[in-house]
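Top line first, the protein sequences correspond to chains R and F. So for the first sequence, the working numbering puts the first residue at 725; every next one is plus one. So for the second sequence, the working numbering puts the first residue at 18; every next one is plus one. Note that CB positions come from ideal geometry on N, CA and C, so glycine has one too.
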Amino acid sequence: NAGVMQNPRHLVRRRGQEARLRCSPMKGHSHVYWYRQLPEEGLKFMVYLQKENIIDESGMPKERFSAEFPKEGPSILRIQQVVRGDSAAYFCASSRLEETQYFGPGTRLLVL
Amino acid sequence: GENVEQHPSTLSVQEGDSAVIKCTYSDSASNYFPWYKQELGKGPQLIIDIRSNVGEKKDQRIAVTLNKTAKHFSLHITETQPEDSAVYFCAARNTGNQFYFGTGTSLTVIP
């Protein structure tokens with residue numbers, strides 16, 4: 725059973741471009757969480773999704789950030805018009821309902 | 018909402034000694050408490066977890082204790098080895114299936 729997969733692992737964007745981060749949950753997992761981590765800091769919750777539903781997006785910036793988890797395919801975290809402050813590691817985690825959360829390897833976004 | 022606090026933020030121990038990391042939580046309804054280890058450049062990896070109906074759980078050199086009354090839980094690593102050096106995160110899950118993380122403890126095991 726493959727673990728949580730994220731791609732790309734590294735992403736470089738220039739200011740103003742769009743960044744699309746993908747997360748494929750573990751097989752059988754219908755719950756996806758996105759977190760952001762700055763160097764030497766903790767995990768900041770961004771959004772919690774189930775298939776086709778956003779359950780909690782209280783950690784998402786109101787502007788430029790969006791997330792989806794369609795019925796088919798991976799979950800996508802989209803950042804429009806990136807700025808240097810968006811540079812961070814973005815981690816996805818998945819779980820079954822009321823079960824353990826497993827993390828992917830992360831996408832390291834660098835905005836030039 | 019839930020608030021998880023973690024201490025210490027950094028911890029250095031001699032190889033072979035024990036390491037203890039402590040976390041407190043605020044929501045008495047939280048019912049599941051995992052611990053993650055994160056090595057440099059990698060994603061957090063689950064190392065042990067405990068549910069609210071259990072007071073203690075052990076897996077080889079790693080143990081976790083939970084005090085529901087005081088709303089705190091701790092990670093204990095015995096006979097530490099250099100490969101235990103990493104950042105450790107505690108977390109609490111509430112009844113809404115949302116996870117709240119501590120700020121992390123950077124553990125260094127000195128050979």
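Please state whether DSSP places residue i in a helix, a strand or coil.
i              : result
D44 (chain F)  : coil
D101 (chain F) : helix
D810 (chain R) : helix
V728 (chain R) : coil
K795 (chain R) : coil
H93 (chain F)  : strand
D780 (chain R) : strand
D66 (chain F)  : strand
M770 (chain R) : strand
K786 (chain R) : coil
In chain order, what residues of the same chain have a beta carbon less than 6 Å from the beta carbon of residue i, not counting five sequence neighbours either side?
i              : result
G740 (chain R) : Q805
A109 (chain F) : E19, V21, Y42, S47, F50 and Y117
S748 (chain R) : M729 and P798
T27 (chain F)  : S123
G783 (chain R) : F769 and M770
Is it buried or exposed, residue i, if we count other Cβ atoms within 10 angstroms and call 16 or more buried?
i              : result
E760 (chain R) : Note that residue 760 (chain R) corresponds to Arg in the displayed sequence, not to Glu. Its Cβ being crowded by 16 or more others within 10 Å, R760 (chain R) is buried.
H755 (chain R) : buried
K795 (chain R) : exposed
K54 (chain F)  : buried
S102 (chain F) : buried
Cutting at 7 Å between CB atoms, please list the residues of its own chain near residue i, excluding the five before and the five after it.
i              : result
G113 (chain F) : none
H24 (chain F)  : K39
R890 (chain R) : For residue 890 (chain R) there is no data in the structure shown, the boundaries of chain R being 725 and 836.
Roughly how far, in whole angstroms, is the beta-carbon of residue i from the beta-carbon of residue j, given that I think they are within contact range, below 8 Å?
i              : j              : result
S811 (chain R) : M750 (chain R) : Not really, about 28 Å apart at Cβ, beyond 8 Å.
S29 (chain F)  : I127 (chain F) : 6 Å
K74 (chain F)  : I67 (chain F)  : 5 Å
L833 (chain R) : R733 (chain R) : Contact flag wrong, Cβ pair sits at about 11 Å.
Residues of the stretch 22-51 of chain F whose Cβ lies closer than 7 Å to any Cβ of chain R, in chain order: P51
What are the residues in the stretch 60-77 of chain F lying within 9 Å of chain R by C-beta distance? G60, P61, Q62, L63 and D66
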